[in-house]
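>
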Amino acid sequence: MRKLSLVLVFLLLAVAGVLPQPLRVSLSPVLGSAPVLFGVEWGFFDHEGLEVELIPLASQRDRLFAFQAGQVDVVIADVTSVVLLAAQGEPLVVATAYVPEDPAKQFTVLVQQEYSGISSIEDLAAALGTRSFFRIALPLQSDIEYATDVVLESHGLTPDPRFYFGQDNLFIMASMVIYGVVAAAVLPEPYASYSLKFAEAEGLGLTALGDFSGIPPLPHLIVFQRRYAEEHPEAVRKFVSAFGAAAERMNEETKEGLLSLGAPEVLRLFYRGQNPDEVLVHPSVLAAIEALSVPYFQAPTVLPKGIYDAIQRWAIEKGYVRFEHPYEEVVTDEYLK
5 MRKLSLVLVF LLLAVAGVLP QPLRVSLSPV LGSAPVLFGV EWGFFDHEGL EVELIPLASQ
65 RDRLFAFQAG QVDVVIADVT SVVLLAAQGE PLVVATAYVP EDPAKQFTVL VQQEYSGISS
125 IEDLAAALGT RSFFRIALPL QSDIEYATDV VLESHGLTPD PRFYFGQDNL FIMASMVIYG
185 VVAAAVLPEP YASYSLKFAE AEGLGLTALG DFSGIPPLPH LIVFQRRYAE EHPEAVRKFV
245 SAFGAAAERM NEETKEGLLS LGAPEVLRLF YRGQNPDEVL VHPSVLAAIE ALSVPYFQAP
305 TVLPKGIYDA IQRWAIEKGY VRFEHPYEEV VTDEYLK
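Heads up: the sequence shown begins at 5 in our numbering, then just goes up one per residue.
#1: By Cβ distance below 8 Å, which residues in the same chain neighbour residue 89 in space, the five residues on each side in sequence not counted?
#2: Within the same chain, show all residues whose beta-carbon is closer than 8 Å to that of residue 212, passing over the 5 residues directly before and after it, in chain order.
#3: With a Cβ-Cβ cutoff of 7 Å, do residue 140 and residue 168 count as a contact?
#4: Is residue 101 closer than 7 Å to residue 47 when the C-beta atoms are compared?
#5: With DSSP run on the structure shown, which of helix, strand or coil describes residue 25?
#6: Which one of 52, 39 and 34 has the shortest CA to CA distance from residue 26?
#7: Taking residue 239 as the reference, which of 39, 333 and 50 has the closest Cα?
#8: Okay, do the stretch 229 to 246 and the stretch 320 to 332 touch, 3+ Cβ pairs below 8 Å being the bar?
#9: Starting from residue 168, trace the beta strand (DSSP E) both ways and give me its first and last residue.
#10: Span of the alpha helix (DSSP H) holding residue 271?
#11: Take the Cβ of residue 74 as the centre, count every other Cβ of all protein chains shown within 10 Å, and call the residue buried at 16 or more, exposed below.
#12: With respect to the beta strand (DSSP E) encompassing residue 226, which residues constitute its N-terminal and C-terminal limits?
#13: For residue 272 and residue 280, I'd like the C-alpha separation in whole angstroms.
#14: Quick one: what's got a C-beta closer than 7 Å to residue 206's C-beta in the same chain, skipping five residues either side?
#15: Assuming residue 34 and residue 236 form a contact by the criterion Cβ under 8 Å, report the distance between their Cβ atoms to the nearest whole angstrom.
#16: Going residue by residue through the stretch 98 to 139, where are the continuous alpha helix (DSSP H) segments of at least 4 residues, counting only ones entirely within it?
#17: Anyone know if the C-beta pair for residue 181 and residue 116 falls short of 7 Å?
#18: Exposed or buried, residue 38, counting other C-beta atoms within 10 Å across all chains shown (16 or more means buried)?
#19: Have a look at residue 219 and residue 128 and give me their C-alpha separation to the nearest angstrom.
#20: Check whether the Cβ atoms of residue 103 and residue 221 lie closer than 7 Å to each other.
#21: How many Å lie between residue 16 and residue 54 at the Cα?
#22: From residue 248 to residue 303, what distance separates their C-alpha atoms?
#23: When you compare only the Cα positions, how much space is there between residue 18 and residue 229?
#24: Answer yes or no: do residue 276 and residue 172 have a C-beta to C-beta separation smaller than 7 Å?
#25: By Cβ distance, which residues of its chain are closer than 6 Å to residue 20, with the 5 residues on each side in sequence left out?
#26: With distances taken between CB atoms, is the gap from residue 122 to residue 159 smaller than 7 Å?
#27: Quick check on DSSP: helix, strand or coil for residue 299?
#28: When you compare the CB positions of residue 98 and residue 28, do they come within less than 7 Å of one another, or not?
#29: Can you tell me whether residue 332 is buried or exposed? The criterion is at least 16 other CB atoms within 10 Å of its CB, across all chains shown.
#30: Residue 132 and residue 138: beta carbons closer than 7 Å?
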């Protein structure tokens, strides 16, 4: 009788559309993940009746593997990741998570000028490939690699795999420049601003180069497993609604309020073992945090077709994917309605 009762309960939950387990969200340490983090802290997902399990994965490769293996239901990803996932599975882009306000400043090239002798993008382009040190640390198969390729091409250089040092972990890329592993690194915000100010406070001498003008704004995206979205469409709508509500409140909050709540959580999720009470009072850390600016978060919207198509053409040319996967099969606005 007890076993039969459990079966009936499960069937009733399924018919009612109630989720049998928490919604597993893979967080990446990028701006697009912030509304998820704050949405959990402020109770927006609870208000929608969603139980959210946060799964922090700093490495882009780990996030893609987790998604492909079905270990997560949602991932915050860049456009290139979506193109790669479409070649291996069935991702569904339901909305943008974050769209950079100033495309020219969405990425920054960091160098240590005194050690490398590089003081401009032209210097870097001329030095790349001359010896192993003159490489750029960046996450391969990413929007950052796409943007860097475009910048190098604009300076008359054909991108070569030998120019790059693949590094998925954004947290350590500035250190690779500081310690002379590579000549340069390309970082998104807020990492670039944080790294520059922290290095200045520590006397480590990082310099920012480059202007990514001409690169379209490359958004972070909310990507669901297609099967999950088809089985739980209302849960997807509720997630997007809660995400949007959290983003709207973030735009109303002060920088101090957001950082006081968010910084300890970022440490807890991505720097396990670090004590926020000790780390966040370090003078150089305080100076770096003070240098951060809080961007405006647009309401979730649909990924523009032109951006998806441009990234997909680039990925095919690079040999990262073999076939096109039509925009209409990967991107939807159904859950924004």
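Ideal placement from N, C-alpha and C gives every residue a C-beta, glycine not left out.
Put simply:
#1: Mapped onto the sequence shown, residue 89 falls at position 85. Around residue 89: 68, 71, 72, 81, 95 and 227.
#2: Looking up residue 212 in the sequence shown gives position 208. Hits under 8 Å: 112, 113, 114, 196 and 200.
#3: The sequence position of residue 140 within the sequence shown is 136, counting from 1. The sequence position of residue 168 within the sequence shown is 164, counting from 1. Yes; because the gap between Cβ atoms is below 7 Å, this pair is in contact.
#4: Position 43 of the sequence shown holds residue 47. Position 97 of the sequence shown holds residue 101. Their beta carbons are not under 7 Å apart, which means residue 47 does not touch residue 101 by this criterion.
#5: Locating residue 25 in the sequence shown gives position 21, where the first residue counts as 1. Residue 25 falls in the coil class under three-state DSSP.
#6: Counting from 1 along the sequence shown, the entry for residue 26 is found at position 22. In terms of Cα proximity to residue 26, the closest of 52, 39 and 34 is 52.
#7: The residue given as residue 239 occupies position 235 in the sequence shown. Selected option, being the one with the closest Cα: 50.
#8: no
#9: As a working mapping, residue 168 is identified with position 164 in the sequence shown. Looking at the DSSP string, the run of the beta strand (DSSP E) that includes residue 168 is 168 to 170.
#10: To locate residue 271, count along the sequence shown from 1; it is residue 267. Per DSSP, the continuous alpha helix (DSSP H) segment holding residue 271 begins and ends at 259 to 274.
#11: Taking the first residue of the sequence shown as 1, we reach residue 74 at position 70. Classification of residue 74: exposed, given that the 10 Å Cβ count is below 16.
#12: Within the sequence shown, numbered from 1, the residue matching residue 226 stands at position 222. First-last of the beta strand (DSSP E) with residue 226: 224 to 229.
#13: Position 268 of the sequence shown, counting from 1, holds the residue named residue 272. Position 276 of the sequence shown, counting from 1, holds the residue named residue 280. Their Cα atoms are separated by approximately 8 Å.
#14: Position 202 of the sequence shown, counted from the first residue, corresponds to residue 206. These residues qualify, in order along the chain: 288.
#15: Here residue 34 refers to the residue found at position 30 of the sequence shown. Here residue 236 refers to the residue found at position 232 of the sequence shown. About 25 Å separates the beta carbons of residue 34 and residue 236, which is beyond the 8 Å limit, so they are not a contact pair.
#16: 117 to 120 and 125 to 131
#17: Against the sequence shown, residue 181 aligns to sequence position 177. Against the sequence shown, residue 116 aligns to sequence position 112. Contact flag set, yes.
#18: One-based indexing of the sequence shown puts residue 38 at position 34. So residue 38 counts as buried.
#19: Taking the sequence shown and counting its residues from 1, the one referred to as residue 219 is at position 215. Taking the sequence shown and counting its residues from 1, the one referred to as residue 128 is at position 124. Distance between the alpha carbons of residue 219 and residue 128: 19 Å.
#20: The residue labelled residue 103 in the question sits at position 99 within the sequence shown. The residue labelled residue 221 in the question sits at position 217 within the sequence shown. For residue 103 and residue 221, yes; Cβs fall inside 7 Å.
#21: Sequence index remark: in the sequence shown, residue 16 carries index 12 (1-based). Sequence index remark: in the sequence shown, residue 54 carries index 50 (1-based). Summary for residue 16: the model assigns pLDDT 34, below 50, so the residue's position carries little reliability, and this model does not support an answer.
#22: If you number the sequence shown from 1, residue 248 lands on position 244. If you number the sequence shown from 1, residue 303 lands on position 299. The alpha-carbon atoms of residue 248 and residue 303 are separated by roughly 6 Å.
#23: By one-based count along the sequence shown, residue 18 stands at place 14. By one-based count along the sequence shown, residue 229 stands at place 225. Unreliable positioning characterises residue 18 in this predicted model, as indicated by a pLDDT of 40, which lies under 50. The coordinate reading is nonetheless provided below. Taking the straight line from one Cα to the other gives about 18 Å.
#24: Position 272 of the sequence shown, counting from 1, holds the residue named residue 276. Position 168 of the sequence shown, counting from 1, holds the residue named residue 172. No, these two residues do not count as a Cβ contact at 7 Å.
#25: For the purposes of this step, residue 20 is taken as residue 16 along the sequence shown, with counting starting at 1. Only weak support is given to the placement of residue 20: the predicted model assigns it a pLDDT of 40, under 50, and the question is left unresolved by the model.
#26: Position 118 of the sequence shown, counting from 1, holds the residue named residue 122. Position 155 of the sequence shown, counting from 1, holds the residue named residue 159. No, Cβ-Cβ distance for residue 122 and residue 159 is not below 7 Å.
#27: As a position in the sequence shown, residue 299 is number 295, starting the count at 1. Coil.
#28: Mapped onto the sequence shown, residue 98 falls at position 94. Mapped onto the sequence shown, residue 28 falls at position 24. Not in contact: residue 98 and residue 28 (Cβ atoms no closer than 7 Å).
#29: Within the sequence shown, residue 332 is the residue found at index 328, counting from 1. By the neighbour-count rule (16 or more Cβ atoms within 10 Å), residue 332 is not buried but exposed.
#30: By one-based count along the sequence shown, residue 132 stands at place 128. By one-based count along the sequence shown, residue 138 stands at place 134. In this structure, residue 132 sits near residue 138, with a CB-CB distance shorter than 7 Å.
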